[in-house]
Amino acid sequence: AVKDNPNAYMPEELLEKCESYDYLGDKLKLYEEAWTEFKDYR
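Have a look at this one:
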């Protein structure tokens, strides 16, 4: 079954080592502007 497939549902000990990204919502535009400024800085 899918629920027993480790490729579909990683073990908890592996998930603890992973990184995740938070949804930025309205802050996304600020992030994009800051990132563009950072990349364009010389």
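First residue of the sequence shown? That's 1 in UniProt numbering, and the numbers climb one at a time after it.
For each residue, glycine too, the CB sits at the ideal point set by N, CA and C.
Do residue j and residue i count as a contact pair if the criterion is CB distance below 8 angstroms?
i, j, result
"Tyr9", "Lys3", "yes"
In this structure, how does DSSP classify residue i when only helix, strand and coil are distinguished?
i, result
"Asp26", "helix"
"Ala1", "coil"
"Glu19", "coil"
"Tyr9", "coil"
"Tyr41", "coil"
If we ignore side chains and look at the alpha-carbon of each, how far apart do residue i and residue j end up?
i, j, result
"Asp26", "Ala34", "14 angstroms"
"Leu28", "Ala1", "38 angstroms"
"Glu32", "Asn7", "32 angstroms"
"Glu37", "Asn5", "43 angstroms"
First and last residue of the alpha helix (DSSP H) that includes residue i?
i, result
"Leu13", "According to the sequence as given, residue 13 is Glu; it is not Leu. Segment 12 to 15, the alpha helix (DSSP H) holding Glu13."
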